[in-house]
Each structure stands twice: as C-alpha cells, then as structure tokens.
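Residues in the sequence shown are numbered consecutively from 21, following my numbering.
The structure appears below as structure tokens.
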Amino acid sequence: MKASIIIPTRNRRKVLERTLKYLFLQDYPQDQYEIIVIDDGSTDGTHKMVKAQESPCRLVCLRHEERKGPAVARNRGIREARGEVVIFIDDDIFCPPQFIREHVKYHEKEGNLIVDGPAINIGEGDFSFADPGKLLLAFFDFFGSVFVTANTSCRREHLLKAGGFDEKFGTGFGWYDLELGFRLMAMGLKRRKNRRAFAFHYKPAQIQKVGFTFQGRLQKQKDRGKNAIYLYKKHPSKKVGRRVRLRYLRYGRLLPVKGRVTEWEETVFLAKSKKKLLWPFLWKIYMIKAYAEGLEEGFAPARAGKEKDG
Numbered sequence: 021m022k023a024s025i026i027i028p029t030r031n032r033r034k035v036l037e038r039t040l041k042y043l044f045l046q047d048y049p050q051d052q053y054e055i056i057v058i059d060d061g062s063t064d065g066t067h068k069m070v071k072a073q074e075s076p077c078r079l080v081c082l083r084h085e086e087r088k089g090p091a092v093a094r095n096r097g098i099r100e101a102r103g104e105v106v107i108f109i110d111d112d113i114f115c116p117p118q119f120i121r122e123h124v125k126y127h128e129k130e131g132n133l134i135v136d137g138p139a140i141n142i143g144e145g146d147f148s149f150a151d152p153g154k155l156l157l158a159f160f161d162f163f164g165s166v167f168v169t170a171n172t173s174c175r176r177e178h179l180l181k182a183g184g185f186d187e188k189f190g191t192g193f194g195w196y197d198l199e200l201g202f203r204l205m206a207m208g209l210k211r212r213k214n215r216r217a218f219a220f221h222y223k224p225a226q227i228q229k230v231g232f233t234f235q236g237r238l239q240k241q242k243d244r245g246k247n248a249i250y251l252y253k254k255h256p257s258k259k260v261g262r263r264v265r266l267r268y269l270r271y272g273r274l275l276p277v278k279g280r281v282t283e284w285e286e287t288v289f290l291a292k293s294k295k296k297l298l299w300p301f302l303w304k305i306y307m308i309k310a311y312a313e314g315l316e317e318g319f320a321p322a323r324a325g326k327e328k329d330g
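Now the structure itself:
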C-alpha cells in the first residue's frame, strides 16, 4: 500500500464526516490508500459515525476512551499505518481529488522528503476546488513551518526512525508537530512544498464553531504557550525563541483577566457585530495575555527547581 492518511479527532463528528467524504473521492487507486481516524476520547458519537461509513478504501477507526492528545493519537496512527507514505491532515481539512496523488508523487521522486501543501482557509457556504481565487492563494503560498500536520507527509520509515511525535507535549495545543519537523530535518530530510497538494481548511465564524467558548479559546492559547516553552527547552536557540515569541513573557500582567473572563466574554463576542473596531483589539489582547500566562507556566518548574537548589 502506498499511502496512509492519519486524522486525529475529538468531538468533531459533523465536520469529520465531510472530511471523509472528500477523501472517498480521491482519484488515487482505492487499494493503494487507507484512512486512519484516531478518536481521542470523543463523546459525540464520532466512532459510531466512522464505523457506519461505506468507504471505497481501507478505513480504520481507533478509539481512546480518554483524551490522550494529538501527539499520542498520531503516533498510534503511524504504528497502525500500512502505507509507505504517511499523510497527516486535521479533521477539518477538505481535500481535492488529486490530493493523495500529488503527495505520493513527490515521495516517489525523492526518498528523503517532508512534503507539505497549502491549507487555504474557507468559511461557510459553497466552494469549489477549481475556484481561481483559491488556486491563486495556493500558488502564492511561500510560507509555513517545516512540519504542520494540517497538510504534510513523510515516509513512514523516517517517522519511525525519528521516534514519532514527542508525547510529553500532552493534551495541549501547538508545537509538537514542528518539534518532530526539527528532528526529521536533523536526520537529513529536505522540505518540499507541492502547491498542487493544496486543501481547504474549514474555519467557520468563531461564534458558530461547535463547542467554542471564549474561556476555551483562552485555555487553548495558554496550553500553546506552555508547550512553546517545552519546545524551546528541547531546541534552545535564538531562532526558536523568536519563533515561540518569548518576548510575550513581558505581557503577562497586561490585563487583570482572572475573575473577569465571564464579565468580558459577552463584550468580546458581541463587539464583533456592534463595535467592529473594538472586537479585534479586545480579542488580540486577551489571546496574547493567555499565551503569556502559558509561557510563565512552562517556565515555572525550572524556576521552582532553582529556588529549591538555592
């Protein structure tokens, strides 16, 4: 088998079902690719939905009774995979028919590659993979990190040799994929961008997201800040420090958020429609502060150790 598509998910049943439908329509030989879904502790019937699908290719759903985090989930997918090439996507990535073919094509040309494709944000409403505007965005996608699991691929043998994702990142959000990318590059792999391997990243309006709350978004940013410190400790350099925005540490006292989240939640959300100039300003401030608190929390164990030694 040539390709394995690995998708971790948690309580995203409806959007995941759409993601699967597009993967069923690939123009790649159906006996040469598989889809592996890792249900990371969902409570919305995700596992049952996946099992009920009539898939033209091998479809596997692995279930965690409790949430273990994306690193653990993707590592389990790697172990289960039968394909030579592993393609990582998120549960809200809609792939055009040529998606798998374009990823595999690059790996057949060169053996030591990380291949990534553009992930173009879309919202509600109809869309077309042939939309000239979206194709233009894909063509001019010159940026992105070395290993972003929204749309990236690598040979399974290299992932296993590198040891997979670092599971110490836990259930928090962010940086675990980039960290594996650093190790793969250190092994001599090269990064190649294939703009024809683009996909659409479904991002509806924030208020309409399933399970989305202001407090939840703050916690996600805080987790991301904490994981940033773990990444920095593993790969200490000025470049990584800039990448994870260590300068945000100075913003930890920016706003007295504690005890006021509920008070400001309505203001932040409703300001989007009633006070269009105020909304993005408030949103940015609170997200920066939450990230800074995560950075502080990430440094806390090391500081506590120094105080104890002193």
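Every residue gets a Cβ at the ideal spot worked out from N, C-alpha and C, and that includes glycine.
Assuming residue i contacts residue j (C-beta within less than 8 Å), just tell me the rounded distance between them.
i: residue 178; j: residue 204; result: 6 Å
i: residue 336; j: residue 250; result: In the structure displayed, the chain extends from 21 to 330; residue 336 sits before or after that span and is not available.
i: residue 165; j: residue 198; result: 5 Å
i: residue 42; j: residue 114; result: 5 Å
i: residue 25; j: residue 109; result: 6 Å
i: residue 119; j: residue 219; result: 6 Å
i: residue 141; j: residue 221; result: 5 Å
i: residue 38; j: residue 60; result: Actually they are not in contact, since the Cβ atoms of residue 38 and residue 60 sit about 19 Å apart, beyond 8 Å.
Rounded to the nearest angstrom, what separates residue i and residue j at their Cα positions?
i: residue 191; j: residue 87; result: 7 Å
i: residue 27; j: residue 132; result: 23 Å
i: residue 63; j: residue 85; result: 9 Å
i: residue 193; j: residue 244; result: 5 Å
i: residue 170; j: residue 74; result: 24 Å
i: residue 124; j: residue 101; result: 15 Å
i: residue 308; j: residue 241; result: 8 Å
i: residue 254; j: residue 196; result: 11 Å
i: residue 104; j: residue 167; result: 18 Å
i: residue 78; j: residue 70; result: 12 Å
i: residue 121; j: residue 135; result: 12 Å
i: residue 217; j: residue 66; result: 27 Å
i: residue 36; j: residue 83; result: 15 Å
i: residue 247; j: residue 215; result: 29 Å
i: residue 332; j: residue 117; result: The question about residue 332 has no answer, for the chain in this structure spans 21 to 330.
i: residue 310; j: residue 266; result: 13 Å
i: residue 223; j: residue 306; result: 20 Å
i: residue 176; j: residue 314; result: 33 Å
i: residue 44; j: residue 152; result: 24 Å
i: residue 93; j: residue 55; result: 14 Å
i: residue 257; j: residue 319; result: 16 Å
i: residue 22; j: residue 144; result: 33 Å
i: residue 186; j: residue 239; result: 21 Å
i: residue 259; j: residue 130; result: 28 Å
i: residue 149; j: residue 90; result: 28 Å
According to DSSP, is residue i part of a helix, a strand, or is it coil?
i: residue 53; result: strand
i: residue 264; result: coil
i: residue 343; result: Any answer about residue 343 is impossible in this case: the structure gives the chain only from 21 up to 330.
i: residue 59; result: strand
i: residue 83; result: strand
i: residue 66; result: helix
i: residue 191; result: coil
i: residue 166; result: coil
i: residue 88; result: coil
i: residue 314; result: helix
i: residue 207; result: coil
i: residue 48; result: coil
i: residue 234; result: helix
i: residue 39; result: helix
i: residue 300; result: helix
i: residue 320; result: helix
i: residue 72; result: coil
Strictly by DSSP, which residues pair up with residue i?
i: residue 117; result: In DSSP, residue 117 forms no bridge with anything.
i: residue 24; result: 54 and 106
i: residue 220; result: 114 and 140
i: residue 213; result: 136
i: residue 171; result: 109
i: residue 29; result: 59
Check your understanding: Unbroken beta strand (DSSP E) runs of length 3 or more, entirely within the segment 119-159: which are they?
Key -> With a minimum length of 3 residues, the continuous beta strand (DSSP E) runs that stay inside the segment 119-159 are 133-136 and 139-142.
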